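Encoded as structure tokens, the structure appears first; notes follow it.
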Amino acid sequence: MRLGIRTAVWTALLVGASLAPPGAAYAASADLLAGHDWAHFSGAEPTAAGVKITPLDRWVTTPEGKRLQPNPPANLAGPHLTVSGDFGVDALMSVTGGKSAYLQLYGRLPVIYDEWRQERPSVRVGVVGGKLEVAVWDGGSDKAVETKTFGSGLAGDVAVSISRSGGKVTVSAGGKQLGSVGEHGAFSAGTVWFGADAQVGGGWTLRALTASGSAKIVDAPAWAQQPSSTSLRAEASALPRPVRVGSAIASTPLVDDAAYRAIAGREFDALTPENDMKPEFVQPSRGVFAFAEGDLLVDFARANGMAVHAHTLVWFEALPTWMRSAPDKKTVMLDHIKAVAGHFAGRVAEWDVVNEPMNEDNSDGLEHNLWYQAMGAAYIPQAFRAARAADPAATLYLNEYGVEQSGPRWDALYKLVKQLKADGVPIDGVGMQNHEYEKGDRTPPETFRKHVQALAALGLKVRVSEMDVVSGGDATMQAKEFAGKLAVCRDEPNCTTFGMWGFTDRYGSTADIGQYPLTVGDALPWDQNLKPKKAYSAMLAELN
């Protein structure tokens, strides 16, 4: 859905020729709404009057469930700017009801590293309490490095101009220059992406958005990537029994990092959304859904012939706070599965229905999480049955860590899935995560093979779901670990996919979260410069 001529009329009548501050020598404005995609933007709805912004109240939470950082959306599938010098952005913000309204200009899109959102340079302009609030992030902290408030009495249709010149960002409202803040390198990368948010209980409409000066409009990149006959996916698909090779993929680097995008499309034929289908991202408020980022990943996968392994419907982490505090947990769980699995039905191949239910410290082998506390062990079969009803064609998995090793955790998992099968629960397979962070996490391939075979005897598929190996500087060991598990998956008929939890250290989840500048991990087959390591060569050799 794209905004048409009506937006251009609003621009001409309500904004005028230019909202640039006095003295700005900008060329004619270019319309960022008409003819561009604003429909695939979480919390946004194109209307005849403009783009309606609804508050998501989306947060990144800690594993314990506390709100850690706000996680407002950006328009990943829509237009962005390339800038080479001074430029201006003019917006007509229709603000009613006295609630705050925010428009954010991202110099670089933020990146989610599991329980942390890495804030990168940006400028946010908000109509707050009748004033214009300007905040600047420099990429060196979660917090804004500078915040100033200007003007008064702003309400209704507020014509806002944002001008970058001489190391400063100058703002105007209603044609009147209000003041400036330091740019702090916000746009030094030469790009500008757009985000918008609203205060809970409010909402506003972006009635016009134009750019001028050195700014050039660029729409979303083409998703289809150049294939290779010597990639992991090509070699694995040429096996006598083809095996999928997969990776967790993050949405923001997929759109703003061309090299990341090229590798993702070239090397893998299975995609797992790293964060964008987890509950706190996809249903941040009760009954309020944010599907745009997940839809983008599905679109990328389909453009590149990749199967989507969707992750995850039921977990005790990555939950919005409302879900934790809701008194009707069973209804919450079943409604969430119906809505989310139903939305993606027919477009994803598989689901992690229940994620990490095991805890060998308890007598029944299960984690006594909030779902268990509300429903007992019955939450697991109920979740699988609800997922089957929502998407009858999807293959349904239980996903767990540490079960590739022998011991109580594996014993408890085997007992659980055997009982689920005996009870007719529609479980199709088990994902074994294969996270190897320390020496004690490493499992001999033959032990892993025995577990794969034991599940085969129960009629269950197996996938290596989230493999990463912290090298500690030992690239040879890391290569051996990846290749050894891949060899088992290649050989065992019920192992369908060999999947990694990301592919490059640049965006890997073993990065030191909360650290500025970012300290990357070393657990994946491509390094932080997107160069392949020994692990990549070892996996290719195993497939050959």
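Following our numbering, the numbering of the sequence shown begins with 16 at its first residue and continues without gaps. Virtual Cβ for every residue (Gly too), placed ideally from N, Cα, C. Just so it is clear, the structure is predicted and the values come from calculations on it, not from any experiment.
Quick check: what's the CA-CA separation for Arg123 versus Val215? 26 Å
Opening and closing residue of the beta strand (DSSP E) in which His51 lies: Segment: none, His51 is in no beta strand (DSSP E) and carries neither H nor E.
Would you decide whether Ser99 is buried or exposed? Buried here means 16 or more other CB atoms lie within 10 Å of its CB. exposed
In chain order, what residues of the same chain lie with their CB nearer than 6 Å to the CB of Ala341, ignoring the 5 residues before and after it? Val347
Can you check which of these residues, Phe399, Ala409 and Pro460, is closest to Val418 by C-alpha distance? Pro460
I need the straight-line Cα distance from Arg7 to Met373, nearest angstrom please. Absent from the structure is residue 7, since the part of the chain shown begins at 16 and ends at 559.
In or out: Gly113 buried (at least 16 other Cβ within 10 Å) or exposed? exposed
Mind checking Gln530: buried by the 16 CB within 10 Å criterion, or exposed? exposed
Using 8 Å for Cβ pairs, my map puts Val151 next to Val160. What's the rounded Cβ distance? 6 Å
Between the alpha carbons of Asn290 and Gly190, how many angstroms are there, rounded? 41 Å
Sequence-distant residues of the same chain with beta carbon closer than 6 Å to Ala307, five excluded per side: Counting only Cβ-Cβ distances below 6 Å, and skipping sequence neighbours, we find His55, Phe56 and Ser57.
Contact set for Leu193: own chain, Cβ-Cβ below 7 Å, skip 5 residues either direction: Once the five neighbours on either side are set aside, the close Cβ partners of Leu193 are Leu147, Phe165, Gly166, Val186 and Ser187.
Could you tell me the distance, in whole angstroms, from the CA atom of Leu71 to the CA atom of Thr220? 15 Å
From which residue to which residue does the beta strand (DSSP E) around Ile177 run? Gly171 to Ser180
Buried versus exposed, by CB contacts within 10 Å (16 or more), Asp234: exposed
Closer than 8 Å is the cut-off here; do at least three beta carbon pairs connect the stretch 480-489 with the stretch 508-524? yes
Distance cutoff 7 Å, beta carbons only. Does Asp234 sit that close to anything in chain B? The question asks about chain B, but that chain is absent: this structure has only one protein chain.
Using the C-alpha atoms, what's the distance from Ala427 back to Tyr121? 47 Å
Closest to Gly155 by CA distance: which of Gly144, Val149 and Gln133 is it? Gln133
Please determine if the stretch 384-391 and the stretch 427-444 are in contact, where contact requires at least 3 C-beta pairs separated by less than 8 Å. no
Would you kindly report the start and end of the unbroken beta strand (DSSP E) that includes Trp219? From DSSP, the beta strand (DSSP E) with Trp219 extends over Trp219 to Gly228.
For Lys433, which residues of its own chain have a beta-carbon under 8 Å away from its beta-carbon, when the five flanking residues on both sides are left out? Leu473
Here's a check: name, in chain order, each residue in its chain whose Cβ is nearer than 8 Å to the Cβ of Gln397, leaving out the five neighbours to either side. Lys345, Met348, Leu349 and Met390
If the criterion is Cβ atoms closer than 7 Å, does the pair Ile232 and Pro136 meet it? No, the Cβ-Cβ distance between Ile232 and Pro136 is not below 7 Å.
Distance between beta carbons of Ala322 and Thr76, contact taken as under 8 Å: So it is not a contact: roughly 29 Å between Cβ atoms.
Less than 6 Å between C-beta atoms, sequence neighbours within five positions excluded: which residues of the same chain meet that for Asn414? Asp367, Asn370, Gly446 and Ser480
Quickly, what does DSSP pair Gly145 with across the bridge? List them, please. Gly145 is not bridged to any residue.
Buried or exposed by the 16-neighbour rule on C-beta atoms within 10 Å, applied to Thr111: Using a 10 angstroms sphere on the CB of Thr111, the tally of other CB atoms stays under 16, which defines it as exposed.
Does the distance from the CB of Phe399 to the CB of Gly228 come in under 7 Å? no
Give me the residue from Phe209, Ile395 and Trp425 with the minimum Cα distance to Ile442. Closest by alpha carbon: Ile395.
Pair within 7 Å by beta-carbon distance, Pro85 and Trp74: yes
Buried or exposed by the 16-neighbour rule on C-beta atoms within 10 Å, applied to Ala556: exposed
Inter-residue Cα distance where the pair is Ala409 and Ala274: 31 Å
Could you name the residues of the same chain whose beta carbon sits closer than 7 Å to that of Val467, not counting the 5 residues immediately before and after it, in chain order? Val477, Val503, Glu507, Asn509 and Cys510
My output table needs one value for Ala40: the three-state DSSP class, helix, strand or coil. Any reading at Ala40 needs caution, since the residue's pLDDT is 39, under 50, leaving its predicted position unreliable; the model's value is listed next. Ala40 falls in the coil class under three-state DSSP.
Rounded to whole angstroms, what is the Cα-Cα separation between Met554 and Ser262? 14 Å
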